[in-house]
Ligand code: NAD
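Structure follows, in C-alpha cells:
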C-alpha cells in the first residue's frame, strides 16, 4: 500500500472521535495502514499536538472496536498524528497547513499522496475545495483523493451545483462520497450474493420473486438534531442516499468478479430503469408519516412536534414508505417497497425477498419462502422454508435456516470504507451518476411535500409506522414481513 498523508477537516468533531480515529487505529493494529503515514487533524481552536493526541487516545478508549491494551501500538498510532488549528474560511490558514503537510511528508518520506477528508458541515465543502486549490495543497506530486460525508446537496439543483464546484478541483475518480451503509459487511456481501450462489441466481428475477422489502427503522427520535432533521426529514436523511443505495445493491445483476466500474454501471442502470413518479402517481406510491407520542420499550416518549427545537406546526416526515418499480428485463412487475422511520418499534435494517407461490391454494400453508438479509444490528441471512408440523402432519409450518455472523467482531463500516479509500478502491462509494439519479428520482417527492400535496399520516411512537404504509403493501396482496 502506498504511503500517504491523511488530512482531516473536522478533526475535533463528534464523527472524527466516534468513528474516524477508531477506524484508523483498528486498521493500524490490523496492519492495514501503509508503512509510512501522517495524520493531520484540524479544528478551530489552538492546542498542542500532545494535548490533541490525548484527546484521540481518549476517543480510542471509548469507541475503538478492538481493545486498547497495547501501549506500544497506541503510542505508535498517536505518534503519527499532528494537530493544526485552521478556520476553513481563512485562506492564510491553508498555507500554514501546507507547511505542516509538506514537512511531515519530508520527515516520513511520503511521496505526496494525499487524502483530504471533510468531516465538517456540508456548507463548507465548496470553500474548502477552492482553498485547497488556491493554496497549492492539491498540486501535489503524488495522488490526491477527497472523502466527503453526507449530505451531498439538499435537492437536485444544489447537488449539481456542489458537484460542479468540487469538479473544479477533483476529478470524479478522486472523489469518495461516503454512504456508510455501503461500508456495512452485509451490504458489501450483496455484491456477490446472487452472482456467486447458483441457487439464488436461478431464482433472481420476476419469474420467481414476488416483491422485495427494504426496511430501516430506528427506535430513537430526533434527539438533539432537530435543527438539521426538521429541514431534511426522512426523505433526505435516509431515502435519497441509504435506502436507494440498498435498492441498487440488491437489484443490480452483476457478472461474477466485477470491478468498481462494472458495479457503478450496473447501479446506474437500476436508477435509470426506475419508473419516475409524477403528479398522478406520487400520492398512491409515497406515504409520508410523522410520529406522535407513544411508548418505546415500555417508556413513554413525546410526539415529534413537542421535541425540543421542533416547531409545533412542523409537517416534517419522520417516516417514509415508498413503492418503486424497476422497469427492466429482470424486475418488471416486481414491486420494491422501501420503508424507513424514527421512533418505530424495532431498530432494524433488513431486506426481505418474498418468493412467488406457484402452488398457492394447493398447499396448507400461507407462508411463502423468504430470503431475509439482516444488516443491522444483527448481520446475517436466513431462508424461510416450509416443513411439516410435527404435531399435525396435515399442516405445514415455516422453518428458518439461519446463518448469522460468528461471535467474532466484524470491521465497522468506517474501517472498510477508509481502507478502500486508502487503497483507491471506490466500489463502495457513491458515484456522482448515482447521486444525481437519486436526486432526480426524489425531487418530485420533495416538491410534493413542499406543496403539501401528499397527506401526512401519523403513527404512535413504538409502532411499525402509519396504517397507510400497511395499506400500501396490502393493496398489492402483500404484507410487511417480520414486523414485531
Ligand atoms: P461536529 O459539529 O461534532 O464537528 C464539526 C467539526 O467542524 C469540528 O471539528 C469543528 O471544529 C469543525 N468546524 C466547524 N466550523 C469550522 C470552521 N469555520 N473552520 C474549521 N473547522 C470548523 O459535527 P460531526 O458530528 O463531527 O459531523 C461532521 C459532519 O459530518 C456533519 O456536518 C455532517 O454533515 C456529517 N455527518 C455526520 C454524521 C454523524 O454521525 N455525526 C453522520 C453523517 C454525516
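Residue numbers (this note's numbering): 1 to 484. Positions of the beta carbon are idealized from the N, C-alpha and C atoms, including for glycine.
Checklist line | contact_flag[the stretch 52-72, the stretch 1-8] where n(CB pairs < 8 Å) is 3 or more | finding: Not touching, per the Cβ criterion.
Checklist line | C-alpha distance - residue 88 paired with residue 128, whole-angstrom precision | finding: Spanning the alpha carbons of residue 88 and residue 128 requires a straight line of approximately 6 Å.
Notebook entry, point to check: Which residues in the same chain have their Cβ closer than 6 Å to the Cβ of residue 351, if we skip the five residues on either side of it in sequence?
Noted result: Non-local C-beta neighbours of residue 351 in its own chain, meaning closer than 6 Å and more than five positions away in sequence, comprise 214, 250 and 373, ordered along the chain.
Notebook entry, point to check: Among all the DSSP beta bridges, which residues are the ones paired with residue 301?
Noted result: 294, per the DSSP bridge assignment.
Note to self: Just to confirm the assignment: which complete alpha helix (DSSP H) runs, minimum length 4, are found wholly within the stretch 261-342?
What the structure shows: Those alpha helix (DSSP H) runs which fall completely within the stretch 261-342 and span 4+ residues are 282-285.
Notebook entry, point to check: First and last residue of the beta strand (DSSP E) that includes residue 213?
Noted result: 209-217 is the extent of the beta strand (DSSP E) around residue 213.
Next item on the list: Please classify residue 479: is it buried, with 16 or more other beta-carbons within 10 angstroms of its beta-carbon, or exposed?
Entry: The residue is exposed, with fewer than 16 neighbouring Cβ atoms inside 10 Å.
Margin query: Does residue 179 come out as helix, strand or coil in the three-state DSSP assignment?
Written below: In the structure shown, residue 179 falls within a coil segment according to DSSP collapsed to helix, strand and coil.
Next item on the list: Rank 70, 303, 444 and 483 by C-alpha distance to the C-alpha of residue 156 and give the top, closest one.
Entry: The candidate whose alpha carbon is nearest that of residue 156 is 444.
Next item on the list: Reducing DSSP to helix, strand and coil, say where residue 355 ends up.
Entry: Strand, per DSSP.
Note to self: Suppose the cutoff is 6 Å on Cβ atoms and the five residues either side in sequence are ignored; what does the same chain contact list for residue 416 look like?
What the structure shows: Listed in chain order, the non-local C-beta contacts of residue 416 below 6 Å within the same chain comprise 183, local neighbours out to five positions each way being set aside.
Checklist line | Any 3 or more C-beta pairs closer than 8 Å across the stretch 337-344 and the stretch 450-465 | finding: Contact between the stretch 337-344 and the stretch 450-465 is present, because at least three Cβ pairs lie under 8 Å.
Margin query: Contact between the stretch 228-246 and the stretch 436-450 is defined here as three or more beta-carbon pairs at a separation below 8 Å; is this criterion met?
Written below: When Cβ pairs closer than 8 Å are counted between the two stretches, the stretch 228-246 is seen to touch the stretch 436-450, the count reaching three or more.
Check: If you compare alpha carbons, which of 140, 166 and 162 is closest to residue 146?
Finding: The shortest C-alpha separation from residue 146 is found at 166.
Next item on the list: Compare the C-alpha of residue 11 against each of 70, 85, 448 and 452 and name the closest.
Entry: Selected option, being the one with the closest Cα: 85.
Item checked: One or two residues paired with residue 224 in a DSSP bridge -> Residue 224 pairs with nothing; no bridge assigned.
Notebook entry, point to check: Could you give the residue range of the beta strand (DSSP E) that holds residue 153?
Noted result: Per DSSP, residue 153 belongs to no beta strand (DSSP E) and is neither H nor E.
Notebook entry, point to check: Thinking C-alpha only, which one of 227, 257, 153 and 244 is nearest residue 197?
Noted result: Of 227, 257, 153 and 244, the residue nearest in Cα terms is 257.
Item checked: Per DSSP, cross-strand counterpart(s) of residue 77 -> For residue 77, which the question treats as bridged, DSSP gives no partner whatsoever.
Next item on the list: Answer yes or no: the CB of residue 120 versus the heavy atoms of ligand 1, is any distance below 6 Å?
Entry: Flag set: Cβ of residue 120 near ligand 1.
Notebook entry, point to check: Going by other Cβ atoms of all chains shown within 10 Å of its Cβ, with 16 needed for buried, is residue 329 buried or exposed?
Noted result: Result: exposed.
Note to self: Is it the case that the stretch 111-124 contacts the stretch 71-84, given that we only count it when at least three CB pairs across the two stretches are under 8 Å?
What the structure shows: Contact between the stretch 71-84 and the stretch 111-124 is absent: fewer than three C-beta pairs spanning the two stretches fall below 8 Å.
Notebook entry, point to check: In the structure shown, what three-state DSSP assignment does residue 109 receive?
Noted result: Residue 109 sits in coil when the DSSP states are folded into three classes, being neither helix nor strand.
Checklist line | Among 103, 69, 90 and 70, the one whose alpha carbon lies nearest that of residue 82 | finding: Of the listed residues, the one whose Cα sits closest to residue 82 is 103.
Next item on the list: Can you say whether residue 113 is buried or exposed, counting buried as having 16 or more other CB atoms within 10 angstroms of its CB?
Entry: Classification for residue 113: buried.
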